[in-house]
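Single-structure report; data block below.
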Amino acid sequence: MSTVYYDSDSIRSPEIQELRELWRYRDLLQLLVSNSIKTRYKRS
Numbered sequence: 000m001s002t003v004y005y006d007s008d009s010i011r012s013p014e015i016q017e018l019r020e021l022w023r024y025r026d027l028l029q030l031l032v033s034n035s036i037k038t039r040y041k042r043s
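Take 0 as the starting number for the sequence shown in numbering that gives the first Met the number 0 and just add one per residue.
Shown next, in the form of structure tokens:
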């Protein structure tokens, strides 16, 4: 019989995983923030 592993068995804390995910998508985050700022000040 094989051993079953679940995602919830992860050793890392959720905070570290979220930080890694933010770092992975940092380019997208930067683009979204940049567009938001441009749009805000373009209207004013």
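Here a beta-carbon is modelled for each residue, glycine too, at the ideal position from N, C-alpha and C. Computed from a predicted structure; not experimentally measured.
- In the three-state scheme derived from DSSP, where H, G and I count as helix and E and B as strand, T38 is classed as helix.
- R25 and Y4 have their C-alpha atoms spaced approximately 29 Å apart.
- One alpha carbon belongs to E17, the other to K41, and they sit about 32 Å apart.
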